[in-house]
Amino acid sequence: WEPLPLSPFAMQKAETLLRDRWSCLGCHQLGDGGGRIGPRLDGIVHRLRPEYVRALIHDPVTLAPGTIMPGSFEQSDRLDLIASFLLQRDAPWTGSETVTGTPDPLSPDATPGAATYLAQCAPCHGVRGAGDGFNAPFLPVMPTAHADSAAMSLRPDDTLYDGIHAGGWILGKSHLMPGFGASLTDREKRELVQYMRTLCRCQGPAWSRDGRGAR
-3 WEPLPLSPFA
7 MQKAETLLRD
17 RWSCLGCHQL
27 GDGGGRIGPR
37 LDGIVHRLRP
47 EYVRALIHDP
57 VTLAPGTIMP
67 GSFEQSDRLD
77 LIASFLLQRD
87 APWTGSETVT
97 GTPDPLSPDA
107 TPGAATYLAQ
117 CAPCHGVRGA
127 GDGFNAPFLP
137 VMPTAHADSA
147 AMSLRPDDTL
157 YDGIHAGGWI
167 LGKSHLMPGF
177 GASLTDREKR
187 ELVQYMRTLC
197 RCQGPAWSRD
207 GRGAR
């Protein structure tokens, strides 16, 4: 794979999608903005091969086992656009900043969904679901506090599932929360919903409960 030659309009389109629609900058820094979970996106042309960049965006788990970066549902031409933009963006590679205040690793309990929550959700939502993960200060909107029983009791399990699957934008929330639909199994997503219920010590609205659990 080789990067597409992008016009100034296409470069601007890609940057607008990155900043206003896609979730990449929830985890990655670009310029002065963005999260601090993943490596900085500036200057990747100086350190990564084009075909690797394109493949990593499409299927990160295969190329980087253990990563929490979710796979993409975007169409092939959109993946070509973003990979080409990052490889053609005129920016030096300056390395990633050291983030202070990260919590010590915790051993997850045996509750279904606990290990997945610590790995996938806690960097933003906090290890106890308080919305205070180490990445939260770098986001323009405070992550949802899953331990907030008043707020969480208003949300049906299906709504929580949809947010995990498709990301924040599907619920009218921040687009910087990625969707994990391509990376987590249906069972893992349902277990995450139930684990969130242990954090808030609450259930969804009575009208939404039918005795079958999430989905």
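The letter at position 103 of the sequence shown is residue 99 when you use this note's numbering, and the numbering goes up by one with no holes. We treat Cβ as the ideally placed atom computed from N, Cα and C, and that holds for glycine. Computed from a predicted model, the values in this text were never measured in an experiment.
Counting only beta-carbon separations shorter than 7 Å, does residue i have a partner in chain C?
i	result
residue 168	Within the model displayed, chain C is absent; a lone protein chain is all it includes.
So residue i is in the alpha helix (DSSP H); what residue range does that whole segment cover?
i	result
residue 199	Here residue 199 belongs to no alpha helix (DSSP H), and DSSP marks it neither H nor E.
residue 74	72 to 84
residue 11	4 to 16
residue 117	Unbroken run through residue 117: none, as it is neither H nor E.
residue 145	145 to 148
In the structure shown, what three-state DSSP assignment does residue i receive?
i	result
residue 168	coil
residue 176	coil
residue 35	coil
residue 55	coil
residue 138	coil
residue 129	coil
residue 194	helix
residue 123	coil
residue 105	coil
residue 160	helix
residue 46	helix
residue 205	coil
residue 63	coil
residue 188	helix
residue 211	Residue placement at residue 211 is flagged as unreliable, the pLDDT there being 46, under the threshold of 50; the coordinate-derived value follows with that caveat. Coil at residue 211, not helix or strand.
residue 155	helix
residue -2	coil
residue 87	coil
List the whole-angstrom C-beta distance separating residue i from residue j, where the pair is believed to meet the contact cut-off of C-beta under 8 Å.
i	j	result
residue 75	residue 50	7 Å
residue 196	residue 121	Not really, about 12 Å apart at Cβ, beyond 8 Å.
residue 216	residue 66	Here the chain comprises residues numbered -3 to 211, so residue 216 is not present and cannot be evaluated.
residue 127	residue 107	Not really, about 20 Å apart at Cβ, beyond 8 Å.
residue 24	residue 37	5 Å
In the DSSP assignment, what residue or residues form a beta bridge with residue i?
i	result
residue 30	25
| the stretch 172 to 183 in contact with the stretch 6 to 24 per 3-pair CB rule at 8 Å | yes
| request: Could you tell me whether the stretch 149 to 163 touches the stretch 123 to 136, using the rule of 3 or more Cβ pairs below 8 Å? | output: no
| Quick one: any contact between the stretch -2 to 10 and the stretch 77 to 90, if contact means 3 or more CB pairs under 8 Å? | yes
| Should the stretch 53 to 73 be called in touch with the stretch 83 to 92, which here means at least 3 C-beta pairs below 8 Å? | no
| message | Any contact between the stretch 181 to 199 and the stretch 152 to 165? By contact I mean 3 or more CB pairs, one from each, below 8 Å. | response | yes
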